[in-house]
Amino acid sequence: MKILNLFLATAILSLSVISYSDSNEILVGEVGSLTGNEATFGTSTHNGIDLAFREVNKKGGVNGRMLKLLTLDDQGKPEEAALAVKKLITQTKVTAVLGEVASSRSLAMAPIAQRYKVTMLSPSSTNPKVTQLGDYIFRVCFIDPFQGHVMAKFALDTLKAKKVAILRDVKNDYSVGLANFFTDTFKKNGGTVLVDQSYSAGDIDFKSQLTAIRAKNPEAIFIPGYYTEVGLIARQARELGIKVPLLGGDGWDSPKLKEIGGSAIENSYFSNHYSEEDKSPQVVEFIKNYKEVYGSVPDGLAAMGYDAAKVLTLAMTRAKSLNGPDLRDSLAMTKDFAGVTGKITLDKSRNAVKSAVILKITNDGFKYQTTIHP
Amino acid sequence: MLEFTQHIINGLSLGSIYALIALGYTMVFGILQLINFAHGDVFMLGAFIGMYSSRYFALDRNPSLGSLFIALGCAMIGCAAIGFCIEKLAYRPLRKSPRINILITAVGVSLFLEFSGQLLFGADPKFFPEIYKPSVNWSIGELVINPLQMIVLATALILMMVLQFIIFKTRLGRAMRAVSFSHEYASLMGIATDKIISSTFMLGSALAGAAGVLVGLVYPKVEPLMGVMPGLKAFVSAVLGGIGNVTGAAVGAITLGLAEEFLVGYWASTYRDALAFGILILILIFKPTGIFGVERIEKV
Numbered sequence: 267m268k269i270l271n272l273f274l275a276t277a278i279l280s281l282s283v284i285s286y287s288d289s290n291e292i293l294v295g296e297v298g299s300l301t302g303n304e305a306t307f308g309t310s311t312h313n314g315i316d317l318a319f320r321e322v323n324k325k326g327g328v329n330g331r332m333l334k335l336l337t338l339d340d341q342g343k344p345e346e347a348a349l350a351v352k353k354l355i356t357q358t359k360v361t362a363v364l365g366e367v368a369s370s371r372s373l374a375m376a377p378i379a380q381r382y383k384v385t386m387l388s389p390s391s392t393n394p395k396v397t398q399l400g401d402y403i404f405r406v407c408f409i410d411p412f413q414g415h416v417m418a419k420f421a422l423d424t425l426k427a428k429k430v431a432i433l434r435d436v437k438n439d440y441s442v443g444l445a446n447f448f449t450d451t452f453k454k455n456g457g458t459v460l461v462d463q464s465y466s467a468g469d470i471d472f473k474s475q476l477t478a479i480r481a482k483n484p485e486a487i488f489i490p491g492y493y494t495e496v497g498l499i500a501r502q503a504r505e506l507g508i509k510v511p512l513l514g515g516d517g518w519d520s521p522k523l524k525e526i527g528g529s530a531i532e533n534s535y536f537s538n539h540y541s542e543e544d545k546s547p548q549v550v551e552f553i554k555n556y557k558e559v560y561g562s563v564p565d566g567l568a569a570m571g572y573d574a575a576k577v578l579t580l581a582m583t584r585a586k587s588l589n590g591p592d593l594r595d596s597l598a599m600t601k602d603f604a605g606v607t608g609k610i611t612l613d614k615s616r617n618a619v620k621s622a623v624i625l626k627i628t629n630d631g632f633k634y635q636t637t638i639h640p
Numbered sequence: 009m010l011e012f013t014q015h016i017i018n019g020l021s022l023g024s025i026y027a028l029i030a031l032g033y034t035m036v037f038g039i040l041q042l043i044n045f046a047h048g049d050v051f052m053l054g055a056f057i058g059m060y061s062s063r064y065f066a067l068d069r070n071p072s073l074g075s076l077f078i079a080l081g082c083a084m085i086g087c088a089a090i091g092f093c094i095e096k097l098a099y100r101p102l103r104k105s106p107r108i109n110i111l112i113t114a115v116g117v118s119l120f121l122e123f124s125g126q127l128l129f130g131a132d133p134k135f136f137p138e139i140y141k142p143s144v145n146w147s148i149g150e151l152v153i154n155p156l157q158m159i160v161l162a163t164a165l166i167l168m169m170v171l172q173f174i175i176f177k178t179r180l181g182r183a184m185r186a187v188s189f190s191h192e193y194a195s196l197m198g199i200a201t202d203k204i205i206s207s208t209f210m211l212g213s214a215l216a217g218a219a220g221v222l223v224g225l226v227y228p229k230v231e232p233l234m235g236v237m238p239g240l241k242a243f244v245s246a247v248l249g250g251i252g253n254v255t256g257a258a259v260g261a262i263t264l265g266l267a268e269e270f271l272v273g274y275w276a277s278t279y280r281d282a283l284a285f286g287i288l289i290l291i292l293i294f295k296p297t298g299i300f301g302v303e304r305i306e307k308v
């Protein structure tokens, strides 16, 4: 009995510690894949958010209240992301939630945020279904119908590729959606998809799919997956003697892509939210500040994290109060916010309407090719 | 036809990877009748030891067969030591208890290694340094063969023969077979059973370590959970070939590699893992002893 009492006492104590918050602070939750297969997604986004919060706090916070970020790791698993967001909302009582990068994980989180009427802002989940789950779910990035359209047009018009193959990750909502949208635009504009192969996240051998693709002689291969697998796919494609360019989406954006893919990934293209070569003052300043704190050049996901945090704090500043509906309404009014990744205006479906850039992978990094406006 | 032949080559190389892991699995079972579920995780540790030792000795600056052998040596010695510890700490105290206890302990050891690996190395995938770079791919027309994969296949076959030799032609092997027959009788005959069991584990773990380095080289992505699936597939291969039989493990592994390759190439990748476990179920129903297995009469 004594032990039980002791246990209860500790439990109550720890609970009270968790729910304790200074009234002078605003708690904001973040869920991200700080470890796992897509670890750079989580760490980059976290750095971006952290940088934005530091800047806001240095300038006096949100109406005099300091921002405090609470980050939980989901290890890249949707079920962990759902648990994490529930914990943040019910135990820590955060005002708003930032996250996730991957659409599969945002899709697991959104119903919970919606149920508790807590505003959730995803920096870079591009699958259209994410914000359809409720009116408390927002994002600051473009969506996959646009991204798929961009890559399809790029393949047809710039690369002059009329026949492509697709290799999609069937375990991943983002990948499946993007592959479908790419196919739609590509076929509508006179292209042919020769073969549509699939793999599952976590696989390491892709030779059988690539052999089947090689037999059809495509002019490009669209692989809307995440960087870890794409790196291995590129290597095995080149080993099999496939020389055509590989195309992808923002899931490729990681310094690890080049590390795993090596020279095999060079001369391939992907669509992204921003280019570090952009010379606009916001981007130059952001890169400078980021380098000062973290010592590396920010990737697109860091930029998205930064923009998401800035958009959220701005909405908090002008909101009538920080309760659920007020913050939601204030965030929905975001218009022409000049972010690092372009002008952000949230539309009626709570998505941002923005332009995309296309980057080419070369020996010394990701090189800017072109910008495509919606 | 070209596509078909390429699939065969790919399947052989995938199968040889499973074979490398399956050999250690099946040997430990053959001698001790213990399914060492931690084998796949020792394989993972082998890959990590290979990665860290190549970084430590800066082997990727001078990619050659020599560098590969250094990394292989480090991983094999490291894994043998780990195998020794696992046996001593986890399995030896349970030597006299029912077999199911040891089996469950093996699952526990496996989980322990996986999650301490996440703690120790971090859960994100690491890049395995290129310590050996074949200059060109061999190609016959449009048929492409990666020399690296042929090295893996050759290593698997050589190790298989070395194992056969050790088990059937050496003193150690004779002692192993004696222990496998009966622990008590073997010790009555003056065989140091504890030592023999230890060496069996060390040998099996060293094999897993070698597999780790070679797999890291072919698929340069290492992470703490990388041993789970290949470990299970190797287990299926071993059962398919007749668990306990060294030749059977290699044959089973190559069969499984080819089957997966054709399934994914001509049908759908979604069924890749289902196939392996489907085979396991069918084998257990219709021929539990596997392709090369002999029926064992057990006294109950």
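Protein sequence lines, in the order shown, are assigned to chains W and F.
Under this note's numbering, the residue at position 168 of the first sequence is numbered 434, and the numbers go up by one with no gaps.
Under this note's numbering, the residue at position 62 of the second sequence is numbered 70, and the numbers go up by one with no gaps.
Note that the Cβ used here is the ideal one computed from N, Cα and C, for glycine as well.
Counting along the chain, F:T278 sits inside no alpha helix (DSSP H), nor does DSSP assign it H or E at all. In the DSSP assignment, F:F243 falls within the unbroken alpha helix (DSSP H) covering 236 to 249. Annotation: the stretch 585 to 638 of chain W contains the following complete segments of the alpha helix (DSSP H) (minimum length 4 residues), in chain order: 590 to 598. Bounds of the alpha helix (DSSP H) holding F:F56 are 47 to 64. Closer than 7 Å to the CB of F:F129 there is not a single CB belonging to chain W. Runs of the beta strand (DSSP E) lying entirely within the stretch 443 to 497 of chain W and spanning at least 3 residues, in chain order: 458 to 465, 486 to 488. Among the residues of chain F, those whose CB is under 9 Å from the CB of W:V436 are A276, S277, T278, following chain order.
Interface with chain W (7 Å Cβ-Cβ cutoff): F:P296 is excluded.
At a cut-off of 7 Å between beta-carbon atoms, W:K524 makes no contact with chain F. With contact defined as three or more Cβ pairs closer than 8 Å, the stretch 514 to 534 of chain W and the stretch 597 to 606 of chain W are not in contact. Contact of F:D132 with chain W is assigned, a C-beta pair being separated by under 7 Å. Judged by DSSP secondary structure, W:T385 falls within the beta strand (DSSP E) whose first and last residues are 385 to 388. Its Cα nearest to that of W:K352, the residue W:M386 stands out among W:A418, W:M386, W:S537, W:H415.
Taking the Cα positions, F:V115 is about 31 Å away from F:R63. Boundaries of the beta strand (DSSP E) around W:V430: 429 to 435. Residue contact check for F:G273 against chain W: a CB pair falls below 7 Å. Proximity to W:V384 across W:N617, W:D592, W:A604 peaks at W:D592, based on C-alpha coordinates. A residue is called buried when at least 16 other Cβ atoms come within 10 angstroms of its Cβ; F:E122 meets this threshold and is buried.
The CB of W:T301 comes closer than 7 Å to the CB of G130, A131, D132 in chain F, given here in chain order. Here F:E11 carries a helix assignment [DSSP, helix/strand/coil]. When the alpha-carbon of W:L460 is set against those of W:S466, W:T449, W:I470, the nearest one is in W:T449.
Note on W:Y556: 16 or more other CB atoms within 10 angstroms of its CB, so buried under the neighbour-count rule. Not a single CB atom of chain F sits nearer than 7 Å to the CB of W:T311. For W:D339, the beta-bridge partners assigned by DSSP are W:G298. Among the residues facing chain F, W:L506 is included, as its CB has a counterpart in that chain under 7 Å away. W:K473 has a beta carbon lying within less than 7 Å of a beta carbon in chain F. With a threshold of 7 Å between beta carbons, W:T494 makes contact with chain F. Ranking W:G468, W:T583, W:L567 by CA distance to the CA of W:S391 puts W:L567 first. For F:A66 and F:K141, the gap between their C-alpha atoms comes out near 15 Å. Residue ranges of uninterrupted beta strand (DSSP E) with 3 or more members, entirely inside the stretch 140 to 169 of chain F and ordered along the chain, are 146 to 148, 151 to 153. Contact annotation for F:P228 against chain W: I526 [CB-CB distance below 7 Å, chain order]. For the pair F:A46 and F:G220, the CB atoms are not nearer than the 7 Å cut-off.
Look at the beta carbons and you see the stretch 460 to 478 of chain W not touching the stretch 417 to 427 of chain W: under three pairs across the two are nearer than 8 Å. With at least 16 other beta carbons inside 10 angstroms of its own, F:T201 counts as buried. When Cβ-Cβ separations below 7 Å define contact, F:E122 makes no contact with chain W. The beta carbon of W:V363 sits closer than 8 Å to the beta carbons of V294, G295, E296, V297, V351, L354, I355, M375, A379, V384, T385, M386, L387 from its chain, once the five residues preceding and following it are set aside; these are given in chain order.
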